[in-house]
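Peer 1:
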Amino acid sequence: MSVPTQRRTKSSRLRRASHFALKKTILIKCPKCGQMALPHRVCEFCGTYKDRPVISLKTRAKTAKQKAQERKEAAKTKEENKEIKKK
Ligand SMILES: [Zn+2]
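Under full-length UniProt numbering, the first residue of the sequence shown is numbered 1, with each subsequent residue one higher.
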């Protein structure tokens, strides 16, 4: 593995680091629901882009419900397994 021959000076290091600063994220108010959202992207809260529905929120709600159900089922099976082990 190659090793740098010379130590970089403080000024050269800082010159390189001058481009490392992060840009502030810009948020706009969604015209439909009024939530703060990223510009030029689908609103995460109402699923619209340019006042047109792009993501159906029913499917999103379903998936959230399904996830909750799956968690409940997983917890139940864990408890059942514990009871079986105890017996
Ligand atoms: Zn919205």
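All C-beta atoms in this analysis are idealised placements derived from N, C-alpha and C, irrespective of residue type, glycine included.
1) Buried or exposed: which applies to Ala37, given that a residue is buried once 16 or more other Cβ atoms fall within 10 Å of its Cβ?
2) Report back the beta-carbon spacing between Lys32 and Cys43 to the nearest angstrom; my notes put them in contact at under 8 angstroms.
3) Nearest by alpha-carbon distance to Phe45: which of Leu57, Arg52 and Thr5 is it?
4) On the DSSP bridge assignment, give the partners of Met1 in chain order.
Peer 2: Let's see:
1) Mapped onto the sequence shown, residue 37 falls at position 37. By the neighbour-count rule (16 or more Cβ atoms within 10 Å), Ala37 is buried.
2) Taking the sequence shown and counting its residues from 1, one reaches residue 32 at position 32. Taking the sequence shown and counting its residues from 1, one reaches residue 43 at position 43. Contact flag correct, Cβ pair sits at about 7 angstroms.
3) On the sequence shown, residue 45 is found 45 positions in, with the first residue counted as 1. With distances taken between Cα atoms, Phe45 lies closest to Leu57.
4) Start at 1 with the first residue of the sequence shown, and residue 1 comes out as number 1. Its beta-bridge partners do not exist; DSSP assigns none.
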